[in-house]
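**Student:** Going letter by letter, the sequence shown gives residues 3 to 233 in my numbering.
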Amino acid sequence: MIGRSRDMEDKVTVAPPDWLDGEYSFFAVYDGHGGADVADKCGERLHMCLERHIAKAKEEAAAGFDCMDDEIEKLQDESNKAPREKRMGSTAVVVLVGKEDVVVANCGDSRAVLYRNQVVLPLSHDHKPEREDEKERIEAAGGKIVCWNGWRVEGVLSTSRSLGDHYLKPYVTSEPEVTVLERSDMDDFLIIGSDGLFDVMSNERACKVVKETLESTTRQARGSGRRQRLC
Numbered sequence: 003m004i005g006r007s008r009d010m011e012d013k014v015t016v017a018p019p020d021w022l023d024g025e026y027s028f029f030a031v032y033d034g035h036g037g038a039d040v041a042d043k044c045g046e047r048l049h050m051c052l053e054r055h056i057a058k059a060k061e062e063a064a065a066g067f068d069c070m071d072d073e074i075e076k077l078q079d080e081s082n083k084a085p086r087e088k089r090m091g092s093t094a095v096v097v098l099v100g101k102e103d104v105v106v107a108n109c110g111d112s113r114a115v116l117y118r119n120q121v122v123l124p125l126s127h128d129h130k131p132e133r134e135d136e137k138e139r140i141e142a143a144g145g146k147i148v149c150w151n152g153w154r155v156e157g158v159l160s161t162s163r164s165l166g167d168h169y170l171k172p173y174v175t176s177e178p179e180v181t182v183l184e185r186s187d188m189d190d191f192l193i194i195g196s197d198g199l200f201d202v203m204s205n206e207r208a209c210k211v212v213k214e215t216l217e218s219t220t221r222q223a224r225g226s227g228r229r230q231r232l233c
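(1) Using DSSP with H/G/I as helix, E/B as strand and the rest coil, what is S112?
(2) Compute the beta-carbon to beta-carbon distance between L52 and G66, rounded to the nearest angstrom, for a pair I have assumed lies under 8 Å.
(3) Thinking C-beta only, is V106 closer than 7 Å to S126?
(4) Please list the terminal residues of the continuous beta strand (DSSP E) segment that includes G100.
(5) I think K13 touches D39, with their Cβ atoms under 8 Å apart; what is that distance to the nearest whole Å?
(6) Going by the beta-carbon positions, is the gap between G24 and Y32 smaller than 7 Å?
(7) Can the beta-carbon of F29 be found closer than 7 Å to that of V97?
(8) Let me know if A143 comes out buried or exposed under the rule of 16 or more other beta-carbons within 10 Å of its beta-carbon.
(9) Taking the beta carbon of C149 as the centre, do at least 16 other beta carbons fall within 10 Å, making it buried, or is it exposed?
(10) Among E62, E177, L170 and D187, which has the Cα closest to the Cα of L116?
(11) Could you give the DSSP three-state label for E11: helix, strand or coil?
(12) Give the single residue among V174, D103 and M90 whose Cα lies nearest to the Cα of Y26.
(13) Quick check on the DSSP output: what are the complete beta strand (DSSP E) runs of length 3 or more inside the stretch 117-164, in order along the chain?
(14) Who are the near neighbours of L123 in its chain, counting only those whose CB is closer than 6 Å to its CB and skipping five residues on each side?
Structure (structure tokens):
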């Protein structure tokens, strides 16, 4: 699905099978703003930061995000486009799928949603300036939220956490919220998406569309007598 923006600033990453020695599979969606540079860099590097700096991603995911944010700031400082680039940023929702659990690290307003036994389970919660705990954190740091075509940090950014956006530090933080959920035989599928999807479709509607598509594809495969591989 393509949103209203004329420019594509989203990035999707699937890490190689040997990431973290195969203990977890890595999937991520990055939604850039102000330009695609930060989302592109996250797509290239965040899984490496997580792998390099922490032994157990689910316990210290914040260290990997902090490392990525530092790399972005250093690159922007060295760039001849530094003033413009400092106004670039990206949300990040990372999903680690292991044999026993699913780990979600979210920074911004992209989402991860699990469909389990006909129940829709949000595995992340949007970081918005008007969210009460986020509002308190921003104001405690000396910042403010302003309603300007929606609530925004300093009247500018509509998400309260992101990678990049160094001109809005410390009000906008790169620290992710981490959710760990034990896997179940009843798990059907998991959706990872940016606000380009979830601004126009609820969690429930998105799961309904995926469920119906999977069921339709399965019926067609059975009818043709051919195996269907779904990714």
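Note that beta-carbon positions come from the ideal geometry of N, C-alpha and C, so glycine has one too.
**Tutor:** With the given structure in hand:
(1) coil
(2) About 3 Å; that satisfies the 8 Å criterion.
(3) yes
(4) G91 to G100
(5) Going by Cβ atoms, the distance from K13 to D39 rounds to 10 Å, so no, they are not a contact pair.
(6) no
(7) yes
(8) exposed
(9) exposed
(10) Closest by alpha carbon: D187.
(11) coil
(12) Comparing Cα-Cα distances from Y26 to each of V174, D103 and M90, the minimum goes to D103.
(13) 121-124, 147-149 and 153-155
(14) L116
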